[in-house]
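Under this note's numbering, think of the first position of the sequence shown as 1, with each following residue one higher.
Every residue, glycine too, gets a C-beta built ideally from N, C-alpha and C.
Read through the structure below, which is laid out as structure tokens, and then see the notes.
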Amino acid sequence: MTIVLGEPRVDELGSAVRALREWQYDGSPFQLHPGDIGWFWRFGPEATAAAVRTWSRDGRILAIGLLDGPDLLRLTMAPDVMRDEELARQLADDLAGHHVLPAGKVYLEAIQGALVHDLLTDNGWGVDEPWTPLRRDLTEPVADPGVRIEVVGPDLVSTRTAVQRSAFGGSTFTDDRWHAMAAGLPYADARCLLAFDDNGDAVATVTVWSAGRGKPGAVEPMGVHADHRGHGHGRAITLAGAAVLRELGSSSVVVYTPSANVGAVATYRSAGFEAGPEIRDRRRDA
């Protein structure tokens, strides 16, 4: 049968999330994680469904994309179809035909090693700025972060969102959006954490996402309050997040960040993450 491009309904998002969980494994190329859909869920289930694309054959989902903005598609696929020629050609055709991304300058984050990269190059896609992937094994216990850590519940939501907005200029993360995210399917295996300094001030935050026992978890996002930078709080909250993922059964924790953000790369490395070879999004200028 032919490969079908789909736009799932809200009640079909569970199938996409389950597929993403199945595709995560230690040593895999960096790829779309269930937590990426979970973080997007802050905009609500309808918006999340509208941003997800699936490619299926014989009723099986082969590839999943997340429109993480109007001009960026984040794409991954099942490990056994990375070099599937029919899938690669369908993906390339859908991208060339503007069925997924609009005309003009657009970006594609596609899992490394997939055959579709060869076809994209033939179709005039270039590469964009480098990103640094980082990974930490969770076999051994994680060091104590050295600060007070709290798991965010209803009483700490406003503090959590305030730290987020301070850490990321232009952030629109509100209490309502936290509650929307927390009501999403992926958040069943996620936690939001806050770090507090000796004065009782909330200084950093992280959200961690498990993909299930024995699979890599993800941290997205992690940020330090603008008034409390330069004191090691990014390392502390990252260690706390890694420890929580280990408790949830994750085998490792992964994250990636723009290589130009040398401060973020240094923070993750200080928390025991190892940097892998740089990866680049694909870019089409017209």
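In the DSSP assignment, S166 falls within the unbroken alpha helix (DSSP H) covering 157-167.
Assignment of beta strand (DSSP E) within the segment 175-228, counting only whole runs of 3 or more residues, yields 190-196, 202-209, 216-224 in chain order.
Closest by C-alpha distance to V265, out of P34, M222, G113, is M222. For S56, there is no enclosing alpha helix (DSSP H); the residue is found in the beta strand (DSSP E) stretching over 52-57.
For the set D80, I149, A50, R42, the Cα lying nearest the Cα of A19 is the one of D80.
Residue pairing by DSSP puts Y256 in a beta bridge opposite P133.
Minimum Cα-Cα distance from R160 among the listed residues R235, F196, W55, D189 corresponds to F196. If only complete runs of 4 or more residues are kept, the segment 92-124 shows the alpha helix (DSSP H) at 116-122, in order along the chain. About 17 Å separates the beta carbon of R235 from that of T207, a gap too long to meet the 8 Å contact definition.
Burial state of F273 is buried, judged by a 10 Å Cβ sphere holding 16 or more other Cβ atoms. Here the segment 212-222 does not lie against the segment 62-78, with fewer than 3 beta-carbon pairs under 8 Å apart. When DSSP states are grouped into helix, strand and coil, G65 belongs to the strand group.
For the options K105, W55, R284, the alpha carbon positioned closest to that of R89 is the one of W55.
Going by DSSP, L5 is part of no alpha helix (DSSP H) but of the beta strand (DSSP E) stretching over 4-6. About 7 Å separates the beta carbons of T238 and V219, which is inside the 8 Å limit, making them a contact pair. Here G38 is buried: its Cβ has 16 or more other Cβ atoms, across all protein chains shown, within 10 Å. The C-beta of R135 has 16 or more other C-beta atoms within 10 Å across all chains shown, which makes the residue buried. Straight-line spacing of the CA atoms in V100 and A47 works out to 15 Å. When the Cα atoms are used, P8 and L73 turn out to be separated by approximately 16 Å. Approximately 6 Å separates the beta-carbon atoms of L193 and G241; this is inside 8 Å, confirming the contact.
Contact between the segment 274-286 and the segment 101-109 is established, with three or more Cβ pairs separated by less than 8 Å.
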